[in-house]
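Just below is one structure, and these are the notes that go with it.
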Amino acid sequence: MSVFLLMLALLAPPQAPAPAPATAPRGDVGNGKVLYTKIGCYQCHGREAQGATATGPRLNQNPITYTRFVAYIRKPTGEMPPYTAKVVTDQQAADIFAFLQSLPKPPAVDSIPLLR
Amino acid sequence: MGKRRDFSATRRKFLKGAAVAGAAGIARPVEPAAAAAFAPPGGATAPIQEARSESSIPAEVDVLTTEHCGSDFMVDVLRSLDMEYICSNPGSSFRALHESIVNYGGNQKPEFITCLHEESSVGMAHGYFKIEGKPLGVLAHGTVGLQHAAMAIYNAYCDRVPVFMVVGNTIDATMRRPGVEWLHSVQDAASIVRDFVKWDDTPISLAHFAESAARAYKITMTAPMEPVLLVIDSELQERPLSDKDKMRVVRATRTSPPQGDSGAIAEAAKLLVAAQTPVIIADRAARTAAGMKYLVELAEALQAPVIDQGGRMNFPTRHALNQSGRARALVSDADVILGLELTDFWGSVNAFRDQMHRTSRPITKAGAKLISITAGDLYMKSNYQDFERYPEIDLAMAADAEATLPALIEAVKRLTNPDRKKIFQERGAKLATAHKAALDQSKADATYGWDASPISTARLFGEVWGQIRNEDWSLVSSTQSNWPARLWNIDKYSQFIGGSGGAGVGYGAPAAVGAALANRKYGRLTVNIQNDGDLMYAPGVLWTAAHHRIPLLNVMHNNRAYHQEVMHLQRMASRHNRGIDRAAIGTTIDDPNIDYAKMAQSMGCYAEGPITDPKDLGPAIGRAIAAVKRGQPALVDVVTQPPMKPVEEMS
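The listed protein sequences correspond, in order, to chains A and B.
Quick note: the first sequence uses this note's numbering, first residue 1401, plus one each step.
Quick note: the second sequence uses this note's numbering, first residue 367, plus one each step.
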């Protein structure tokens, strides 16, 4: 099995990103949380958006701008499947973005004995 | 009047005279000797068999017992191969050998291991070899059993693992019992798996069996190691044997693994020593613990980074030169790349994009030199495509990597002058810093979702590590997560055995039981992180573990889905602009949820779960380990990320 890293895709230089709204619509965190699971973001990025090296990068505490976020999901440069406005509207994208921004910071490494 | 034919005598003549199609893979015409064996005495046209009264049975046919039979001799042969166990689901086509193993052989060397599926038998042999370093026997029907076994044989073939297959058949059509024995007979039993076994034979005499068994053992243990198969005719097994002590067991000899050409080794050393940014990539490089030691020595001599692709336990995870998590960056910057027993060299140096239009591009920089050492170049078949895409190698050695490493190390050391040594040390210091940073990053990554439910894979592997780190442990599960490589200190060869090879689902559980069987005599704590979908292919192997008192800790990675397929379906739905919320259809294993703890308990295992709260996980694993130390297989069912539904919706 060879699973290429979505993380690498996100790190790759963007190639002619699709036009994105100039301003971010106001996002609904609750709806974003539902959508995050319902439309499958969690599949590669984890339910807590923690990411996985084999499938997709961490989105929790990994700040990117809304403009770049939308541009990437519309026209990803790496392995991520594209999500057009037909299947994820700008408003839904804003809701998911708001949910990701709302995720709390994880506990510190030193606070977890098993990781010391 | 026709004469009743004797199973043992007549079929012996037939087998000696007939050209058995087996090895050639084609059915040949019956030769005169065989035709004569069928012909009624006196050349009359009477039928071969006809109804007769029991009172007319000739005296020689009325002999109903014998002290020894052909299969007793077969046990002598198997014992000469130092075969500890033979895994099998019982079948009539090898009933005589089965009986000889348990009675004549006293059920020792080989001991009959009862399996509930032939795929489990072969999977156990697969896992056993990767701990013990010698093949385990598998006994099956040549027809229905071999068909069940086929996928597991393919996994072993792709993973370069020897398996000694023995399958029963009844070749003489006139001697088959009516009904099922016909259904379980075949002209050319090996044909169904010939594409992915290295060698097969259908011996027609016991002397032939002895010689072919020795040959099969030699072939399966010669790199590249692959499964072999012998078809044993039921008459050969059941034949009365009055002169067993005069039968000669042929000594099985071993072949030295092929070492790389001395000129090529010198050239490789020259390139590696001169390189500014060399990289070593290892997949199935270490066949034994010695191979791991050699790889460490080579890497340290060069102070070169090692990317361990995990086909075997190649390189200690906490060694400063282990840079497996930085593969892409290192390959992109490399001027010389040494690939050791790589399954997919092309895939290691190219990027492939799985979008509507599939594209690929090299990730190496211009002028980078590629060196390969692999026994895979010595042996290849056409039909199944496990050889992967063709890589353009600058210096290819068709040789066994482990056997070649000592000479390469010596050549590298000879060429390393003080100036180069200083450069190597500077490189090593930078790599050590990068290694520490990668470990710190792994720990930081593990904190995300640490307290989540369903339980994150980082937490799962963290909790297991917390319970086993002070034991003599052996992780025998497939490479479904890289958290052990990122978080655990893995520095012994027996602590990791790589993956399935062919990515055929159903490998995990039986391979783990087989590895645990091998680990048992060493007193090692065998740990299997078990995928849910994989277990359900043939869960009966848990019963085999309980029945044969094979201690094994199973921790379920139960995400209630074939999650890889969930992602594939999502990819297609996204590509087609539709239904992106329906990827669960056909890919999830819920509604109802499977209660793996109850299933394991029903088969004699200690079991707990399902566990959804991460705080409950460590104590549960601790209790399961206590059961394992009492000699029992145990299972802890853990509901893990990422399932399709939130836990609260999973009734």
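C-beta: ideal position from N, C-alpha, C; glycine also.
Just so you know, these numbers come straight off a predicted model, no measurement behind them.
Leaving out five residues before and five after residue i in sequence, what residues of the same chain have Cβ atoms less than 6 Å from its Cβ?
i, result
"D649/B", "Q675, G677, E707, L708 and T709"
"R445/B", "K475"
"F753/B", "M746"
"V1005/B", "P820, N924, P976 and T978"
"A410/B", "Note that A410/B scores 40 on pLDDT, short of 50, meaning its location in the model is unreliable and no value can be drawn from it."
"R755/B", "W712"
"D1428/A", "D1495"
"A741/B", "A589, P590 and D766"
Taking the Cβ atom as the reference point for each residue, do residue i and residue j lie within a distance shorter than 8 Å?
i, j, result
"I452/B", "A516/B", "no"
"L781/B", "Y660/B", "no"
"A949/B", "Q930/B", "no"
"E974/B", "L1514/A", "no"
"I631/B", "A773/B", "yes"
"G499/B", "V879/B", "no"
"V527/B", "K496/B", "yes"
"N473/B", "G867/B", "no"
"S726/B", "M763/B", "no"
"L908/B", "P999/B", "yes"
"V702/B", "V715/B", "no"
"R1468/A", "P1008/B", "no"
"P980/B", "R825/B", "yes"
"S860/B", "P1482/A", "no"
"R554/B", "L596/B", "It is worth fixing the name first, because residue 554/B is Asp in this sequence and not Arg. For D554/B and L596/B, no; Cβs fall outside 8 Å."
"N680/B", "A651/B", "yes"
"N848/B", "A1454/A", "yes"
"I646/B", "A670/B", "yes"
"M490/B", "L919/B", "no"
"Y470/B", "D428/B", "no"
Spatial neighbours of residue i within its chain, please: C-beta separation below 8 Å, excluding the five flanking residues on both sides.
i, result
"A390/B", "Any reading at A390/B needs caution, since the residue's pLDDT is 36, under 50, leaving its predicted position unreliable; the model's value is listed next. Cβ within range, chain order: n/a, list empty."
"R614/B", "A573 and A576"
Can you tell which of the options has the C-alpha that lies nearest to the C-alpha of residue i?
i, options, result
"R617/B", "A963/B, P757/B, A580/B and D611/B", "A580/B"
"H1445/A", "G1427/A, A1485/A and P1457/A", "P1457/A"
"Q1461/A", "I1512/A, K1438/A and F1499/A", "F1499/A"
"M922/B", "S866/B, A990/B, E837/B and A851/B", "A990/B"
"W839/B", "Y888/B, T540/B, G864/B and D961/B", "Y888/B"
"I1439/A", "S1502/A, I1496/A, V1470/A and V1429/A", "I1496/A"
"G657/B", "I703/B, F562/B, E768/B and S571/B", "E768/B"
"Y903/B", "H483/B, V441/B and G436/B", "H483/B"
"A629/B", "S459/B, A777/B, A963/B and L883/B", "Before going on, a small fix: residue 629/B reads as Gly here, not Ala. Of the listed residues, the one whose Cα sits closest to G629/B is A777/B."
"V1020/B", "I479/B, E477/B and V504/B", "Because residue 1020/B is not part of the residues shown, which for chain B are 367 to 1017, the question remains open."
"D538/B", "S459/B, H914/B, R724/B and D561/B", "S459/B"
"P958/B", "I946/B, G945/B, A927/B and S940/B", "A927/B"
"L853/B", "I570/B, P728/B, P682/B and F439/B", "P682/B"
"E465/B", "M591/B, D567/B, E604/B and V443/B", "E604/B"
"M933/B", "C1441/A, A1424/A, P1425/A and R1426/A", "C1441/A"
"H434/B", "I729/B, S608/B, K788/B and R996/B", "S608/B"
"G705/B", "A686/B, E837/B and D743/B", "D743/B"
"K610/B", "N749/B, Y962/B, R560/B and V443/B", "V443/B"
"E663/B", "I759/B, L687/B and P644/B", "L687/B"
"I1512/A", "A810/B, D961/B, I987/B and G457/B", "A810/B"
"L736/B", "M969/B, Q625/B, K612/B and A635/B", "A635/B"
Might you give, ordered along the chain, the residues of its own chain that have their beta carbon closer than 7 Å to the beta carbon of residue i, omitting 5 neighbours on each side?
i, result
"P850/B", "F827, L841 and I856"
"P1026/B", "Residue coverage of chain B in this structure runs from 367 to 1017, which leaves residue 1026/B outside it and unanswerable."
"H514/B", "H483, E484 and E485"
"K352/B", "Here chain B covers residues 367 to 1017 and nothing more, so residue 352/B does not appear."
"T953/B", "A927, Y928, E931, V932 and L935"
"V1488/A", "I1439 and I1473"
"G457/B", "A506, H507, G511 and G534"
"T910/B", "I479, T480, C481, L482, S486 and V879"
"H685/B", "V662"
Segment contact, 8 Å Cβ cut-off, at least three pairs: the stretch 1430–1444 of chain A with the stretch 793–804 of chain B
no
Touching by the beta-carbon criterion (3+ pairs, under 8 Å), the stretch 542–562 of chain B and the stretch 494–513 of chain B
yes
Just list the alpha helix (DSSP H) runs in the stretch 416–483 of chain B, keeping only unbroken ones of 4 residues or longer that don't cross its boundaries, in chain order.
436–446 and 461–465
Give the list of continuous alpha helix (DSSP H) stretches no shorter than 4 residues that lie fully inside the stretch 1435–1497 of chain A.
1441–1445 and 1466–1474
Would you call the stretch 895–905 of chain B in contact with the stretch 865–877 of chain B, where contact means no fewer than 3 C-beta pairs closer than 8 Å?
yes
Could I get the ranges of all uninterrupted beta strand (DSSP E) runs contained in the stretch 729–779 of chain B, with 3 residues as the minimum, in chain order?
735–740 and 761–764
Can you confirm whether the stretch 801–821 of chain B touches the stretch 886–894 of chain B when touching is taken to mean that 3 or more C-beta pairs between the two stretches lie within less than 8 Å?
Cβ pair count under 8 Å is below three, so no.
Inter-stretch contact at 8 Å, needing at least 3 Cβ pairs: the stretch 688–703 of chain B / the stretch 800–811 of chain B
yes
Counting only runs that start and end within the stretch 873–953 of chain B, where is the alpha helix (DSSP H) found for 4 or more residues in a row?
874–886, 898–901, 907–913 and 929–941
Quick one: which unbroken beta strand (DSSP E) runs of 3-plus residues sit fully inside the stretch 514–583 of chain B? Chain order, please.
530–535 and 565–567
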